[in-house]
């Protein structure tokens, strides 16, 4: 399941619910992305994520489907914030459950790379230095390209 | 007239998020948007996304009066 969330998220609670009463799962890997106080030397007061409710979730659902198709998973949860996010607060939470750890590690890594480069979300940082819209870094694109290189040819 | 949506820095630069604009192709709409020099600069950058009726398109295509056309900068989630 994937969802866009306007209110603050609690990764510990999400993970506790995700792992509760699992008897078929041998591995759960989770990732939490937090809002940093500074990026590239720029102080950040507030992070704001613009989204396109409806469309953003539809694309995120497609990314979930692609992740489930590629890896042998039992379950997957991704929750992404939009709107204002305070420094230190979670921006994104991903958890994947699998029978064995390798699929879980790789699926979490893959889904995060896809969310960063394909989910229709736009980050803005406001701080003492002014307003800055964030674009994907070359490293984000390189991370995502790792998976393309290993995708089977149709 | 097609409904045009802007997201992220595009909406910020233009000072609006949604309006109807006369035009029967994506390029015609881009030309109208580009009358705003700051928006023209943003639209011309590589990686600009164009989404017609919630389907991403590359290059030009025809749009009708009931269509919804969105322009956005490269995404930056996660």
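Protein chains in written order, with the numbering used here: chain A, 364 to 517; chain B, 257 to 334. Beta carbons are placed, not taken as given, at the ideal position from N, Cα and C, and that holds for glycine.
Item: Which listed residue (B:275, B:310, B:276 and B:333) has its alpha carbon closest to that of residue 413 (chain A); Value: B:333
Item: Residues near residue 288 (chain B) by beta carbon distance below 8 Å, same chain, minus five either side; Value: 277, 278 and 279
Item: Within-8 Å CB hit, residue 397 (chain A) to chain B; Value: no
Item: Partners in chain B for residue 475 (chain A), counting only beta-carbon separations shorter than 7 Å; Value: 334
Item: Host beta strand (DSSP E) of residue 454 (chain A) (start-end); Value: 453-461
Item: Through-space distance from residue 511 (chain A) to residue 472 (chain A), alpha-carbon basis; Value: 13 Å
Item: Partners in chain A for residue 329 (chain B), counting only beta-carbon separations shorter than 8 Å; Value: 485, 496 and 498
Item: Whole beta strand (DSSP E) elements within the segment 380-437 of chain A, 3-residue minimum; Value: 390-397 and 409-414
Item: Under 8 Å between C-beta atoms of residue 434 (chain A) and residue 466 (chain A); Value: yes
Item: Euclidean distance between Cα positions of residue 469 (chain A) and residue 258 (chain B); Value: 42 Å
Item: Inter-residue spacing [alpha-carbon to alpha-carbon] between residue 310 (chain B) and residue 261 (chain B); Value: 11 Å
Item: Residue 493 (chain A), DSSP secondary structure in three states; Value: strand
Item: DSSP three-state assignment for residue 314 (chain B), whether helix, strand or coil; Value: coil
Item: Proximal residues to residue 487 (chain A) (C-beta, below 6 Å), its chain only, five neighbours per side dropped; Value: 411 and 496
Item: Heavy atom of the ligand SAM within 7 Å of residue 262 (chain B) beta-carbon; Value: By its list of ligands, the structure shown contains no ligand whatsoever, and the ligand SAM lies outside what it can speak to.
Item: Residue 387 (chain A) versus residue 292 (chain B) - alpha carbon distance; Value: 57 Å
Item: Short Cβ contact (8 Å threshold) for residue 331 (chain B) with residue 483 (chain A); Value: yes
Item: Residues bridged to residue 485 (chain A) (per DSSP); Value: A:413
Item: Burial state of residue 427 (chain A), where buried means 16 or more other Cβ atoms lie within 10 Å; Value: buried
Item: Extent of the continuous alpha helix (DSSP H) run through residue 368 (chain A); Value: Where residue 368 (chain A) is concerned, there is no enclosing alpha helix (DSSP H), although the beta strand (DSSP E) it sits in stretches over 365-368.
Item: Cβ shell of residue 370 (chain A) (< 6 Å), same chain only, five flanking positions each side left out; Value: none
Item: Same chain, Cβ closer than 8 Å to residue 460 (chain A), neighbours up to 5 away in sequence not counted; Value: 381, 382, 385, 388, 390, 391, 436, 437, 438, 439 and 467
Item: Complete runs of the alpha helix (DSSP H) confined to the segment 281-328 of chain B [at least 4 residues]; Value: 282-289 and 293-299
Item: Residue burial classification, residue 494 (chain A) (beta-carbon count within 10 angstroms, cutoff 16); Value: exposed
Item: Test: residue 219 (chain B) CB closer than 8 Å to a CB of chain A; Value: Any question about residue 219 (chain B) goes unanswered here, given that chain B covers just 257 to 334.
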